[in-house]
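What follows is a set of notes on a single structure, which appears directly below.
Numbering (the numbering used here), first residue to last: 15 to 497.
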């Protein structure tokens with residue numbers, strides 16, 4: 015009898031805990047912008063499913079969105095509805111004959127891509143975790159997760175990883191990431207006031223210019239049709255996910271030599287790699303009507319809008335009183351990519367920094383986020399979908415970079431080898447994500463194979479571009495030392 019009362023009380027509590035989806039999350043559950051995240055955790059040891067299962071029960075399920083389903087009401091609004099969760103239904107250990115797998119790396123690539131092409135069951139919480147005790151070239155075993163993007167953005171899911179992990183050197187300590195250094199202001203009050211005023215004028219001027227470009231894109235300005243350009247409409251082709259590990263030390267070498275940020279270097283590598291790929295494609299065409307210099311190719315670059323991203327706040331983001339917001343709190347900017355055949359490979363990195371400095375100065379990302387919320391509130395979900403689809407249809411790809419732990423960590427007592435992650439969804443044929451872990455960076459490509467049938471070739475071009483840029487940076491560094 016008491017058990018029946020407890021169940022009734024639980025059902026009552028669940029009913030009162032109903033929560034509406036945020037504007038961005040509502041977009042992600044719409045059929046035309048359906049978006050989810052695939053991530054891979056490589057482990058240094060064999061996987062113990064029961065340990066991970068118990069860890070998930072003690073942490074992930076405490077987060078309301080991991081124990082709720084999305085339900086559409088008659089008025090068209092979507093809500094988080096708490097439900098009873100059987101974790102064993104979400105943590106999947108496939109029954110595989112590992113002895114017959116000849117190429118483990120190819121098997122994992124096919125397995126991951128297969129997961130990406132299976133729609134999620136909207137009648138239950140929108141997450142699943144696959145555990146595979148298969149040895150690949152980079153790991154002894156793997157965990158492959160699939161999270162619906164309505165659960166949260168990349169920073170939210172990184173916080174989930176951090177909260178589920180501890181340093182391998184100190185099992186009781188939270189992981190650490192590189193801290194952002196703040197510039198020290200001048201003590202001269204008058205100089206500070208003049209500098210502040212000039213800064214505000216630059217912000218206003220830059221924001222007006224960038225938002226004007228944004229409006230032009232909404233109205234008619236579309237990227238040049240290239241072998242990377244997705245097809246317009248609601249049709250979504252077969253998705254494939256691949257990743258490649260590169261050295262973080264190589265990226266830092268370029269960063270330090272050029273005196274810029276990691277994100278600038280990664281954007282430079284992306285520009286160089288895409289230029290190599292498109293040049294090869296244009297050389298294969300009999301009628302060479304496309305000249306690289308005339309190509310307009312832009313990326314939507316996602317920006318984290320949280321003011322505080324300290325490691326403690328990220329790890330505690332699941333707590334109710336956390337200062338750091340869980341969910342989808344990201345804006346984006348439209349980044350024009352420098353597609354050229356440059357003799358000086360460092361020019362790709364210089365251009366990336368120059369353009370990103372302008373984007374950082376403007377308030378484009380924050381205004382875009384505000385525009386989505388405003389349109390959703392005033393004109394409804396359908397109008398907001400049309401606005402977002404138009405942006406993605408008029409641009410070529412999506413780019414993002416997430417900074418991971420800078421010390422080795424263990425995920426529920428499993429020492430990790432690498433982290434790979436990519437988002438999929440929308441009409442774009444190419445999505446590029448970079449995720450760092452200790453001294454590694456993983457290049458993640460999510461492609462529509464009906465548009466880009468050779469994603470490994472594109473990935474090779476990105477890796478080769480890093481190598482060429484690193485050599486150029488080393489020569490520049492030696493030249494500085496000689497001078």
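Every residue, glycine too, gets a C-beta built ideally from N, C-alpha and C.
- The C-alpha of residue 482 lies about 24 Å from the C-alpha of residue 310.
- At a Cβ-Cβ threshold of 8 Å, residue 320 and residue 214 do not count as neighbours.
- In the structure shown, the three-state DSSP call for residue 447 is strand.
- Taking a C-beta distance under 8 Å as the contact criterion, residue 221 and residue 379 do not qualify as a contact pair.
- Within 10 angstroms of the beta-carbon of residue 217 lie fewer than 16 other beta-carbons, which makes it exposed.
- Between the C-alpha atoms of residue 425 and residue 181 there is a straight-line separation of about 9 Å.
- In chain order, 450, 453, 454, 455 place their CB closer than 7 Å to the CB of residue 262, counting only its own chain and leaving out the 5 sequence neighbours on each side.
- Its chain contains 121, 148 as the residues whose beta carbon lies nearer than 7 Å to that of residue 115, once the 5 sequence neighbours on both sides are disregarded; these appear in chain order.
- Residue pairing by DSSP puts residue 106 in a beta bridge opposite 144.
- In this structure, DSSP gives residue 48 a state outside helix and strand, which the three-state scheme calls coil.
- Distance from the CA atom of residue 167 to the CA atom of residue 383, rounded to whole angstroms, is 13 Å.
- For residue 391, the enclosing alpha helix (DSSP H) starts and ends at 378-393.
- If you compare the alpha carbons of 477, 72, 444 with that of residue 315, the shortest gap goes to 444.
- According to the DSSP assignment, residue 129 belongs to the alpha helix (DSSP H) that extends over 118-130.
- DSSP lists 94 as the bridge partner or partners of residue 84.
- Within the same chain, and ignoring the five residues on either side of residue 39 in sequence, the residues whose Cβ sits closer than 6 Å to its Cβ are 164, 342.
- Residue 285 counts as buried, since at least 16 other C-beta atoms from the protein chains shown sit within 10 angstroms of its C-beta.
- Secondary structure at residue 405: helix, using DSSP grouped into helix, strand and coil.
- Taking C-beta atoms as the reference points, residue 49 and residue 57 fail to come closer than 8 Å.
- For residue 83, the CB contacts under 8 Å within the same chain, skipping 5 residues up- and downstream, are 94, 95, 97, 136, 137, 138, 139, 140 in chain order.
- Counting only the Cα atoms, residue 177 lies some 11 Å from residue 187.
- Residue 318 and residue 113 have their C-alpha atoms spaced approximately 44 Å apart.
- As DSSP reads the structure, residue 318 sits in a beta bridge with 344.
- Here DSSP, grouped into helix, strand and coil, assigns residue 253 to strand.
- A distance of 8 Å or more separates the beta carbons of residue 266 and residue 275.
- A distance below 8 Å separates the beta carbons of residue 312 and residue 349.
- In summary, residue 86 is exposed, with fewer than 16 beta-carbon neighbours lying within 10 Å of its beta-carbon over all protein chains present.
- Membership of residue 156 in any alpha helix (DSSP H) is not indicated; the residue belongs instead to the beta strand (DSSP E) covering 155-162.
- DSSP places residue 312 in the strand class (E or B) of the three-state scheme.
- For residue 183, no beta strand (DSSP E) run applies, since DSSP gives it neither H nor E.
- Secondary structure in the region 205-284: the alpha helix (DSSP H) runs of 4 residues or longer, each lying completely within the stretch, are 262-272 in chain order.
- Within the same chain, and ignoring the five residues on either side of residue 388 in sequence, no residue has its Cβ closer than 6 Å to its Cβ.
- In this structure residue 256 is not in contact with residue 130, their Cβ atoms being roughly 11 Å apart against a cut-off of 8 Å.
- The continuous beta strand (DSSP E) containing residue 413 extends over residues 411-416.
- Annotation: the continuous alpha helix (DSSP H) that includes residue 368 extends over 360-375.
- Residue 430 holds the alpha-carbon nearest to the alpha-carbon of residue 420 among 393, 412, 430.
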